[in-house]
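Mind the numbering: the sequence shown is residues 1 to 260 in the UniProt record's numbering, read in order. Data block below; observations after.
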Amino acid sequence: MLAQGSFNTGELDLNFMSGPDGFHPLLLLHGITGRWQDFLPIMPQLVLHHTVFAIDFRGHGESDRATDGYSFAKYAKDIVAFEKSKLDQPAVLIGHSLGGAVAVYIAANYPELTRAAVLCDPALFAEALRIPEWSEAFSAWRQIAGEPFEEICSLQNPQNAFDRRRARDLSKLDPKVLEDLNTYWDSFDLEYLLGQISCPVLLVYGNYQNGGVLTVEQAEDVTSSISSCISQFMDDVGHAPHRDKPDEFFRLVSDFLESI
1 MLAQGSFNTG
11 ELDLNFMSGP
21 DGFHPLLLLH
31 GITGRWQDFL
41 PIMPQLVLHH
51 TVFAIDFRGH
61 GESDRATDGY
71 SFAKYAKDIV
81 AFEKSKLDQP
91 AVLIGHSLGG
101 AVAVYIAANY
111 PELTRAAVLC
121 DPALFAEALR
131 IPEWSEAFSA
141 WRQIAGEPFE
151 EICSLQNPQN
161 AFDRRRARDL
171 SKLDPKVLED
181 LNTYWDSFDL
191 EYLLGQISCP
201 VLLVYGNYQN
211 GGVLTVEQAE
221 DVTSSISSCI
231 SQFMDDVGHA
241 PHRDKPDEFF
251 RLVSDFLESI
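Have a look at this one:
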């Protein structure tokens, strides 16, 4: 049902999976260090009613490494080029973490390309880098990004399938993705961008105490700053609602999309 493809942006090749034909397009934008496979828990349900495009960002997965670095704007530039070339109608964007910030950038600057956006625990605030759990993780990942999979496994001793997939993600990651991370928010004017979004938006966020990157106050600010936005708090998950509770997350997304 899904086919692998490659798209050249004019600067680099993006790897993606897509299918089936015949529905409204829906783009899946993964988080930092991830790959398109991050959305596997919800893809079987999504492909029943959507033409899904699950894309590896530049520097991630099977996509090319970038010679000009990494930022929200540069990730978005690649996705916009993809949309303009591959799609004949506006798409729904589902973005997790980094992908959520990229979805905000696209929805604000390219309303003609965006039918709706789902922001899944989006990394909209630089303060997330100071959360101990995440600052420690990024510090560790910087030491091993781009190393062979077997070497990462020997260092991290993965205990389950998720840990092994994380090791695979890191083995395919351009180390510069994390080297540039502290600068991602430098030109990301969140207040302005949120005010420019005109499409319907669903914000789904996890519990900050469980590893989520949005506080309740930040989520409320985001929701009130977008002209048409509803928010859903998932108390018993952390940073990955779509992976931790895929059925519940899908129901929220499905109800939202049926309402627009």
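Don't be surprised by glycine CBs; every beta carbon is placed ideally from N, CA and C. Keep in mind the model is a prediction, meaning the values are calculated, not measured.
Problem set entry | Completely contained alpha helix (DSSP H) runs for the segment 112-190, where each covers 4 or more residues | 132-144, 149-156, 161-171 and 175-179
For this session: Using 10 angstroms around the beta-carbon of G59, count the other beta-carbons present and answer buried if the total reaches 16, otherwise exposed.
Result: buried
Exercise. Fully enclosed by the segment 182-256, which beta strand (DSSP E) runs are 3 residues long or longer?
Worked result: 201-206 and 229-234
For this session: Would you list the residues sitting across from T51 in a DSSP beta bridge?
Result: P25
Problem set entry | Euclidean distance between Cα positions of G211 and C199 | 28 Å
Problem set entry | Length-filtered (3 minimum) beta strand (DSSP E) runs lying within the segment 26-106 | 51-55 and 91-96
Exercise. If you count every other CB in all the chains shown that lies within 10 Å of the CB of P20, and 16 or more means buried, which is it?
Worked result: exposed
For this session: Would you decide whether E83 is buried or exposed? Buried here means 16 or more other CB atoms lie within 10 Å of its CB.
Result: buried
Exercise. Thinking C-alpha only, which one of R166, E136 and L48 is nearest G61?
Worked result: R166
For this session: Identify which residue in D174, T9 and F16 has its Cα closest to the Cα of F2.
Result: Strictly speaking, residue 2 in this sequence is Leu, with Phe absent from that position. For the residues D174, T9 and F16, the minimum Cα distance to L2 belongs to F16.
Exercise. Does the segment 47-56 touch the segment 102-115, meaning 3 or more C-beta pairs lie closer than 8 Å?
Worked result: no
Exercise. When we look at the beta-carbon of F162 and count the other beta-carbons within 10 Å, is it buried (16 or more) or exposed?
Worked result: exposed
For this session: Could you please give the first and the last residue of the uninterrupted beta strand (DSSP E) stretch that includes M17?
Result: D13 to G19
Problem set entry | Extent of the continuous beta strand (DSSP E) run through G5 | A3 to N8
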